[in-house]
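Yeah, the sequence shown ends on 275 if you go by my numbering, and it's all consecutive. C-beta atoms are modelled at their ideal positions from N, C-alpha and C, and glycine is treated no differently. This one's a predicted model, so the numbers in the text were calculated from it and none came from an experiment.
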Amino acid sequence: MTEVHIKGRVFIGVLRGYGLINYHFHRIVGLVGFEPFKGTLNVKLEHTIDISHYATKSVEHVLMDGTKKINALLAPVILTIKREQEEHYDCWAMRDMSNVYPNDIIEVVARENLMEKFSLKDDEELVVTFFDTGKKKKEAPFMGAMRRLYGTEQRLSV
């Protein structure tokens with residue numbers, strides 16, 4: 118498993134973390150194995166990421182027509198706060214799939230209020246370590262069926 122270290126900055130968001138955690142609280146407890154603080158730490162990363170490469174859990178449900186709806190993706194991360202001594206904290210990066218924030222922002226889910234625990238300030242720098250799961254994107258079902266029928270080297274002519 119490959120580690121990916123991305124610098125980020127803490128920012129005060131729109132204070133939606135409480136509602137987000139509260140709404141999915143029991144699902145998150147079941148997924149991560151602890152009761153999270155009802156709020157999130159907002160981190161703006163130095164570049165965009167596709168969190169699906171790092172996510173190991175998802176808050177999801179099945180709709181009446183049988184399709185799966187993913188509300189949020191969760192990826193285990195380690196926050197590194199650089200002070201006189203580096204401090205490390207295991208937690209979860211969460212991406213709400215309603216696309217409220219762009220792909221360079223994560224919301225961090227933890228057991229406690231990280232702003233208070235580490236006396237973090239707005240715009241303070243930290244490092245987020247993600248762990249690449251090695252998951253590959255699925256191809257469209259049609260293309261998989263075509264490859265099974267015609268083989269990988271065949272080209273479809275029009």
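Helix, strand or coil at residue i according to DSSP, with G and I counted as helix
i	result
SER274	The predicted model places SER274 with a pLDDT of 46, which falls under 50 and marks its position as unreliable; any figure quoted below should be read in that light. Coil, per DSSP.
HIS143	helix
LEU132	coil
ILE168	helix
LEU190	strand
ALA257	In this prediction, ALA257 scores a pLDDT of 48, lower than 50, which makes its location untrustworthy; the coordinate-derived value is nonetheless stated afterwards. Note: ALA257 maps to coil in three-state DSSP.
Counterpart residues of residue i in DSSP-defined beta bridges
i	result
VAL160	VAL127, ILE223
GLU152	None, per the DSSP bridge assignment.
THR184	Looking at the DSSP assignment, THR184 forms no beta bridge with any residue, so it has no partner.
ILE195	ASP207, THR246
Segment limits, beta strand (DSSP E) that includes residue i
i	result
GLU177	174-179
LYS199	Note, LYS199: premise wrong, no beta strand (DSSP E); not H, not E.
Nearest-angstrom beta carbon gap, residue j and residue i [assumed within contact, 8 Å]
i	j	result
GLY147	GLU224	Between GLU224 and GLY147 the Cβ distance is about 19 Å, and since that is not below 8 Å, they are no contact.
ALA192	THR173	6 Å
ASP213	LEU137	6 Å
ASN216	THR165	About 13 Å; that fails the 8 Å criterion.
ASP239	PHE128	6 Å
ILE195	TYR206	7 Å
PHE248	TYR171	6 Å
LEU158	LEU231	4 Å
In chain order, which continuous runs of the beta strand (DSSP E) of length 3 or greater are located wholly inside the segment 206-253?
-> 222-226, 242-249
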